[in-house]
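Visitor: Residue numbering for the sequence shown follows our numbering, starting at 39 and increasing by one per position. Please find one structure pasted underneath; my questions will follow.
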Amino acid sequence: MKFKANAPVILASASPRRKELLESLGIEFSIVPSLKEEPDPSKFQTAMGYVIECALLKAKDVAKKHPEAVVIGSDTVVVLDGEILRKPQNKEQAQQYLRQLSGETHDVITAVTIVKGGSEQTFQEITRVTFYDLPEDWIEAYTSTEDPYDKAGAYGIQTMSGLFVRKIDGDYNTVVGFPLASLTQKLMLSGYISLEGSRVHAD
Numbered sequence: 039m040k041f042k043a044n045a046p047v048i049l050a051s052a053s054p055r056r057k058e059l060l061e062s063l064g065i066e067f068s069i070v071p072s073l074k075e076e077p078d079p080s081k082f083q084t085a086m087g088y089v090i091e092c093a094l095l096k097a098k099d100v101a102k103k104h105p106e107a108v109v110i111g112s113d114t115v116v117v118l119d120g121e122i123l124r125k126p127q128n129k130e131q132a133q134q135y136l137r138q139l140s141g142e143t144h145d146v147i148t149a150v151t152i153v154k155g156g157s158e159q160t161f162q163e164i165t166r167v168t169f170y171d172l173p174e175d176w177i178e179a180y181t182s183t184e185d186p187y188d189k190a191g192a193y194g195i196q197t198m199s200g201l202f203v204r205k206i207d208g209d210y211n212t213v214v215g216f217p218l219a220s221l222t223q224k225l226m227l228s229g230y231i232s233l234e235g236s237r238v239h240a241d
């Protein structure tokens, strides 16, 4: 099954995971990362409000320069007991995050904003992830690699750190970086993409 884009599509993210997920639809798209600085999470009452604002900022920033395109912005956060665990700044912070997540259940929230011209829609998905108890030597070995440092919460479910995960409740791809099924539904219903061979086109 393959889709086609009925208008230019831009992914406002440099994330290789989001790129791979969007590529799986078979559509053509460009990558134009937003240069907008992310807001301070401490200024938000909830993690949900923060991640939605980040996705919105990224999409709108790129859409200003590409009004003809369907611009997709997204952001993902790991949340444990109300605390946002962002991308770790160093090995010590990565290890701290993983010790916090060890044996616990946390939320992964991914928000997505789709902008085209004056049209704008934002949605979000939450997946609950439960970790095994992590041995200290696993934490040391994993944080000695490059893998944790470009990922929220210092782990990637699609990499070797997927071995930390005991179970998930929700969309696996939300944890990877895109709730792909929901995104596809939104793009289809808006007429931005269609199944190859169909006659549906965006206005």
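Cβ atoms here follow ideal geometry from the backbone N, Cα and C, with glycine treated the same way.
#1: How long is the line joining the alpha carbons of THR181 and ALA132, rounded to whole angstroms?
#2: Using a Cβ-Cβ cut-off of 8 Å (strictly less than) and excluding sequence neighbours within five positions of LEU59, which residues of its own chain qualify?
#3: To the nearest angstrom, how far is the alpha carbon of LYS57 from that of LEU49?
#4: Which stretch, first to last residue, makes up the beta strand (DSSP E) that contains ARG166?
#5: Can you tell me whether DSSP reads ARG124 as helix, strand or coil?
#6: Could you tell me the distance, in whole angstroms, from the CA atom of GLN83 to the CA atom of PHE202?
#7: Counting along the chain, where does the beta strand (DSSP E) carrying ALA109 start and finish?
#8: Below 6 Å, is the gap between the Cβ of GLU61 and the nearest heavy atom of the ligand PLP?
#9: Can you tell me the Cα-Cα spacing of LYS125 and GLY191, whole angstroms?
#10: If you follow the alpha helix (DSSP H) that THR151 is part of, which residue opens it and which one closes it?
#11: Please report the distance separating the alpha-carbon of PRO186 from that of TYR193.
#12: For ASP78, count the other beta carbons within 10 Å of its own beta carbon; 16 or more makes it buried, fewer makes it exposed. Which is it?
#13: Alpha carbon to alpha carbon, what distance is there between VAL115 and LYS96?
#14: If I follow the unbroken alpha helix (DSSP H) through SER232, where does it start and stop?
#15: Starting from the Cα of VAL100, find the closest Cα among GLY155, ASP209 and PHE41 and give me that residue.
#16: In terms of DSSP beta bridges, what is SER68 paired with?
#17: Let me make sure I understand the geometry here. Which of VAL109, GLU91 and LYS98 has the alpha-carbon closest to that of ASN44?
#18: Exposed or buried, which one is LEU225 when buried takes at least 16 other CB atoms within 10 Å?
#19: Tell me, to the nearest whole angstrom, how far the beta carbon of LEU118 is from that of GLN138; I am working on the premise that it is less than 8 Å.
Guide: Taking the coordinates as given:
#1: Computed Cα separation, rounded: 7 Å.
#2: Excluding positions up to five away in sequence, the list reads ASN211, VAL214, GLY215, PHE216 and LEU218.
#3: Distance between the alpha carbons of LYS57 and LEU49: 8 Å.
#4: Note, ARG166: beta strand (DSSP E), 157 to 169.
#5: Coil.
#6: Rounded to whole angstroms, GLN83 to PHE202 spans 29 Å at the Cα level.
#7: What sits at residue 109 in the sequence shown is Val, not Ala. It spans 108 to 118 - the beta strand (DSSP E) in which VAL109 sits, taken as one unbroken run.
#8: With respect to the ligand PLP, the structure offers nothing, as it holds no ligand at all.
#9: So the alpha carbons of these two residues sit roughly 6 Å apart.
#10: Careful: THR151 lies outside any alpha helix (DSSP H), inside the beta strand (DSSP E) at 143 to 154.
#11: Straight-line Cα distance between these residues: approximately 5 Å.
#12: Flag for ASP78 reads exposed.
#13: When rounded, the separation of the alpha-carbon atoms in LYS96 and VAL115 is 15 Å.
#14: Element bounds for SER232: not the alpha helix (DSSP H) but the beta strand (DSSP E), 231 to 233.
#15: By alpha-carbon distance to VAL100, the top candidate from GLY155, ASP209 and PHE41 is GLY155.
#16: Bridge partners of SER68: ILE48.
#17: The option with the nearest alpha carbon to ASN44 is VAL109.
#18: Its Cβ being crowded by 16 or more others within 10 Å, LEU225 is buried.
#19: Your pair LEU118 and GLN138 checks out as a contact, with CB atoms roughly 6 Å apart and the cut at 8 Å.
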